[in-house]
Amino acid sequence: MFMIKTYEELSKEELYDIIQLRINVFIVEQETYYEDLDNHDQQALHLLHRDDEGKLVAYARMLPPGEIFEEASFGRIITTQATRGTGLGKRMMNTIMARIKEQWDNPPVFIQAQDYLTNFYSRFGFEPVSEPYMHECLPHRDMRYTPMQEDFDNVGFTSALEGKEEVSKRRERGNSTMAKLKGKGVVVAGLVAGAAAYLSKPENRDKVLDAVNVAKEKVTDFVETQKEALAPQTQPEAHEGHAETLKEQAKAAAESDDLTIAENKMLSEGAQTTVQYYNEKVDRKEEQDEAKEEEK
54 MFMIKTYEEL SKEELYDIIQ LRINVFIVEQ ETYYEDLDNH DQQALHLLHR
104 DDEGKLVAYA RMLPPGEIFE EASFGRIITT QATRGTGLGK RMMNTIMARI
154 KEQWDNPPVF IQAQDYLTNF YSRFGFEPVS EPYMHECLPH RDMRYTPMQE
204 DFDNVGFTSA LEGKEEVSKR RERGNSTMAK LKGKGVVVAG LVAGAAAYLS
254 KPENRDKVLD AVNVAKEKVT DFVETQKEAL APQTQPEAHE GHAETLKEQA
304 KAAAESDDLT IAENKMLSEG AQTTVQYYNE KVDRKEEQDE AKEEEK
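Each residue of the sequence shown is one higher than the one before, counting from 54 in our numbering.
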């Protein structure tokens, strides 16, 4: 059975067992040299698991957002050699993620994972966000878990499979929705949907939201000024030339000196959606005019 306690709730014996286990595994077994007591234990939640004889055989600590990283985090994950391969590590991760979600309102989670455990953490929705690097004498890789809206409707992580596979399904649904929106030529919805994935990173949110609002205003003004100009264009030659002009103007409307390359790409997709929509509108009008001529 797992126990989770604050630093103040730990007894002297429990704290001693935790420090002893961390030293035995991280320093002695893995032969690393680092500062284990880093003054973050006092703000952490501590997960402990003992065997039938009362020996501490598994441990981890969970840290709130802002303690070490902007996101919530966890670390110092340990299972003893005797318990490895029994599924204890998976059960620990289910418990850790469920408690972080409950304790801190389902925040993003950032970890510095040992590189050989990348695939293990990916099962729980974590994605690598860095190349491997040396940390505390061992290869590590930064990984990040980003909660999605559906997470708020779930009780928690109930199996080791509900990680990478579930995230992949959610992305497929998101891509399908975006394709439908583009098919309808809804420029505002296209911009919002395109921005949603990019805005999942908190550090980009404020800046990009401002940029999207500016771009939406530009594209809206552009659409309004072109409605009357598009109406009389019934000849194929005029339509083709006008479409090129529209593409150039739409591109200019979506560009801003203050936007990054990634943001320009996102906004350019929205502008291209606008051109496609009005091209289709003109094509339909041409077909209707041709049908009328044939009836005459």
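For each residue, glycine too, the CB sits at the ideal point set by N, CA and C.
Query                                                                                                                 : Result
Residue range of the unbroken beta strand (DSSP E) whose run includes M115                                            : L109 to L116
Best match in W157, E123, G128 and L100 for proximity to D91 [C-alpha to C-alpha]                                     : G128
6 Å CB neighbourhood of V78 in its chain, flanking five on each side removed                                          : I131
Residue from M115, H93 and L63 with nearest C-alpha to Q156                                                           : M115
Boundaries (first-last residue) of the beta strand (DSSP E) holding M201                                              : Unbroken run through M201: none, as it is neither H nor E.
Validate contact between the stretch 135–143 and the stretch 80–87 using beta carbons, cut 8 Å, 3 pairs               : no
Cβ contact check for the stretch 168–180 and the stretch 66–74: 3 or more pairs under 8 Å                             : no
Between the CA atoms of E180 and P160 - distance to the nearest angstrom                                              : 15 Å
Test item: CB-CB of Y377 and I80 under 8 Å                                                                            : For the chain, the structure presents residues 54 to 349; residue 377 sits outside this window and is missing.
Neighbourhood of R144 by C-beta distance below 8 Å, restricted to the same chain and skipping five residues each side : F55
DSSP bridge partner residues for F173 (one or two, in chain order)                                                    : F173 pairs with nothing; no bridge assigned.
Opposing strand residues paired with T132 [DSSP bridges]                                                              : A111
Paired residues, beta bridge with D195 - DSSP                                                                         : Q165
DSSP-derived helix/strand/coil call for I57                                                                           : strand
Nearest neighbour of E62, chosen from A97, I76 and L141 [CA to CA]                                                    : A97
Exposure label - T59; buried when at least 16 CB within 10 Å                                                          : exposed
CB contact flag (R351, F163, <8 Å)                                                                                    : Any property of residue 351 remains undetermined from this structure, which presents the chain solely from 54 to 349.
Residues of its chain near H102, where Cβ-Cβ distance is below 8 Å and the 5 sequence neighbours each way are ignored : M54, F55, M56, L109, V110, A111, Y112, L141 and M145
For E106, the three-state DSSP class (helix, strand or coil)                                                          : coil
Where the beta strand (DSSP E) containing Y69 begins and where it ends                                                : Unbroken run through Y69 is the alpha helix (DSSP H), K65 to R75; no beta strand (DSSP E).
Length of the line joining the Cα atoms of H93 and S126                                                               : 11 Å
A151 - containing alpha helix (DSSP H), residue span                                                                  : L141 to Q156
Residue range of the unbroken beta strand (DSSP E) whose run includes Y186                                            : Y186 to H188
C-beta atoms of I149 and L100 nearer than 8 Å                                                                         : yes
Cα-Cα separation between E124 and M201, rounded to whole angstroms                                                    : 15 Å
For E62, the three-state DSSP class (helix, strand or coil)                                                           : coil
Of the residues N147, L74 and D89, the one placed nearest E189, counting alpha carbons only                           : D89
Exposure of Y186, with buried meaning 16 or more beta-carbon neighbours within 10 Å                                   : exposed
Neighbourhood of R152 by C-beta, 8 Å cutoff - its chain only, sequence neighbours within 5 removed                    : I57, L98, L100 and M115
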